[in-house]
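Chemist:
Residue numbers (the working numbering): 4 to 147.
1) In chain order, what residues of the same chain lie with their CB nearer than 7 Å to the CB of residue 122, ignoring the 5 residues before and after it?
2) Looking at residue 151: is its Cβ nearer than 9 Å to the Cβ of residue 52?
3) Taking C-beta to C-beta, are residue 110 and residue 61 nearer than 9 Å?
4) Where does residue 148 fall in DSSP's three states?
5) For the region 39 to 55 against the region 65 to 78, do three or more pairs of beta-carbon atoms, one drawn from each stretch, fall closer than 8 Å, so that the two count as touching?
6) Roughly how many angstroms separate the alpha carbons of residue 34 and residue 81, rounded to a whole number?
7) Less than 9 Å between the C-beta atoms of residue 87 and residue 115, yes or no?
8) I'd like the span of the alpha helix (DSSP H) that includes residue 76, first residue to last.
Structure below.
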């Protein structure tokens, strides 16, 4: 497994060679071996690079619409991070991303999540309102 730490401040460390960058990419691929969606070159694009200020960075972009659960699985495999909605919408999908760390190396995974149907959005809103009402009733000591 390649060394995944960058203890030296970015401006003081030498730029890695391609072998070092590919070693980091290999580690990321190994860590996500159980997730076929990121292993398929028709569905995912991996990029790794070096920026003098930021150091090494890894990015994974999933092309096909994906679920938030899949993004969470990928994030967990690569060291955590929270899925967030970027606000970017294209047609019937919305871009979500996860920023995490692979050792000391920043990793960003992004994917297009389908927008909920009108019915799904209404059901989710009703469930949210019911939960809020139940929490309010529990706080006030009201039983149903």
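Note that beta-carbon positions come from the ideal geometry of N, C-alpha and C, so glycine has one too.
Note that the structure is predicted; figures quoted are calculated from it, not measured.
Modeler: To lay it out plainly:
1) none
2) Given that the chain is displayed from residue 4 to residue 147, the structure contains no residue 151 and the question cannot be resolved.
3) yes
4) Residue 148 cannot be examined here, being either before or after the span of the chain that is shown, 4 to 147.
5) yes
6) The straight-line gap from Cα to Cα measures roughly 6 Å.
7) no
8) Per DSSP, residue 76 belongs to the alpha helix (DSSP H) from 71 to 80.
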